[in-house]
Amino acid sequence: MAESLLPPSGTGLFEKTFEASAFPRWDSFDVSADFIRGLKYSPDIPASFKPFIIYEYGLDVLRPFVPNLDDLVDEAVRWQRLRGTPRSIEIALGWIGYSATIVQQSPTRNWWNSFQLYFSDLPRYDFPDLVQIEGVVDLSVPARSMFRRGVHGYDVTALVEDSGRLDGSLLDFESGTTYADGDTIWSFGRLTEIEHVLEEGEGIAIGNWLAQTGDGGIPWVSMTYPWVTAQFQWALNPEAQRRVLLASFFREYPSVYMEFIGDDDVTIGYRKCKVAQVRAIAGGDYIYGGARYAPMTSGDAVYIEARTGFNDVDASRATKVRLVSRAVLAPGIPAGRLWLEPGDIVSGPTFSETPFDLSMRLTVRDQVKILLRF
85 MAESLLPPSG TGLFEKTFEA SAFPRWDSFD VSADFIRGLK YSPDIPASFK
135 PFIIYEYGLD VLRPFVPNLD DLVDEAVRWQ RLRGTPRSIE IALGWIGYSA
185 TIVQQSPTRN WWNSFQLYFS DLPRYDFPDL VQIEGVVDLS VPARSMFRRG
235 VHGYDVTALV EDSGRLDGSL LDFESGTTYA DGDTIWSFGR LTEIEHVLEE
285 GEGIAIGNWL AQTGDGGIPW VSMTYPWVTA QFQWALNPEA QRRVLLASFF
335 REYPSVYMEF IGDDDVTIGY RKCKVAQVRA IAGGDYIYGG ARYAPMTSGD
385 AVYIEARTGF NDVDASRATK VRLVSRAVLA PGIPAGRLWL EPGDIVSGPT
435 FSETPFDLSM RLTVRDQVKI LLRF
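So the number in our numbering is just where the residue sits in the sequence shown, counting from 1, plus 84.
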């Protein structure tokens, strides 16, 4: 083995002194040096070596965003060589369990250098997942490119109205919100559908109940509904007439709110609902369970929908939902406010309570549809 590993010229005093201090142990280094040589190219790199190899290759910039980076040395080296290409984004997202389609901005737009990612699945959590996604993508793209927006399930694009009367209006902006200190816009949506049959106790509580008729028809004494609500053919069987009457109750009904409830029966918040008496028909305005429904005065069901807004709820798990009718708002709460905090509703009869399991988040608009039958 050579007595010195330093070059014969251009070596400073410090380097020579440091090497000389190792001479007493030089023989013991002999085998170790041969072992270390080429070790980083071995398929079985010792775990204790991996942090140093990651540092040597300049991959430590990934460590805040990739939790198992030590196990990805080979892939990370390949990623390093592909940085600045779409393939590098694909590799980096795969490390944290995601895949997405890249959509480039039109070259005619101001932000021509930006792009969006359309995710195949909803990211599991806002934190740490969105921080990790934004981090690895920003490290993967060219310096001139900007990761502008991530999308899944809810995508409202901006209306191009430059130099028009609507330029700069709300329609001039796309859906989404930023998260934490990041610059990327996240626009996520999720759909939950619930079918509920109104029970007698619920109907009595909200003032809308007719007992099932059997074969005898609806008794006149039970016809407490205005004649204008009897929008059905007299040839219909009594049970079909009953369903239309019960559904018509919601035609001019006061505001309905959907209450989201967490553990220990604690209210998370309320969202104002869209309510319509409907009937299944091709080409209808509303979609539930793949079928279409249209608002009709002869409808035999009620379509109820609430959609939370961005930044309404931060990391709360809803375990059930129920509907609040004839809600009495607390003093000072505007009637048109869409999202209400706990305590903003003072009283109101409830119905259609349903078990639920939903992690509500800042970046996700949750659309909950209830088809109320009778």
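By construction, the Cβ of each residue, glycine as well, lies at the ideal position given by its N, Cα and C atoms.
Nearest Cα to GLN200 within the set ILE138, ASP256, PHE272: PHE272. Note on geometry: alpha-carbon atoms of GLY353 and ALA289 lie some 22 angstroms from one another. By the criterion of a C-beta distance shorter than 8 angstroms, ALA242 is surrounded in its chain by LEU255, ASP256, PHE257, GLU258, once the five residues flanking it on both sides are discounted.
A straight line joining the alpha-carbon of ALA364 with that of GLN325 spans about 16 angstroms. In the three-state scheme derived from DSSP, where H, G and I count as helix and E and B as strand, ASP450 is classed as strand. A distance below 6 angstroms between beta-carbons, with the five flanking residues on each side excluded, links LYS453 to the following residues of its chain, in chain order: GLU277, TYR372, GLU389.
Nearest Cα to GLY291 within the set LEU223, PHE133, ALA331, ASN197: ALA331. Classified as buried, ILE138 has 16 or more neighbouring CB atoms from the shown chains inside 10 Å of its CB. Linking CYS357 to ILE180 through their CA atoms gives a straight-line distance of about 37 angstroms. Residue range 322 to 332 is occupied by the alpha helix (DSSP H) that includes ARG326.
The way I'd put it, the stretch 428 to 444 does touch the stretch 402 to 415; three or more beta-carbon pairs between them come closer than 8 angstroms.
For ARG363, the pairing in a beta bridge is given by DSSP as ALA378. In terms of CA proximity to SER382, PHE334 leads the group ARG391, ALA375, PHE334. Here ALA184 carries a strand assignment [DSSP, helix/strand/coil]. Taking every protein chain shown into account, the CB of SER172 has 16 or more other CB atoms within 10 angstroms, so this residue is buried. Here GLN296 carries a coil assignment [DSSP, helix/strand/coil]. Ranked by Cα distance from ARG167, the options TYR125, PRO151, ASP114, LEU223 are led by LEU223. Between the stretch 419 to 433 and the stretch 233 to 241 there are fewer than three C-beta pairs closer than 8 angstroms, too few to call the two in contact. Setting aside the 5 residues that flank it on each side, THR261 is surrounded in the same chain by ILE269, TRP270, PHE394, ASN395, LEU446, THR447, each with a C-beta closer than 7 angstroms to its C-beta; the list follows chain order.
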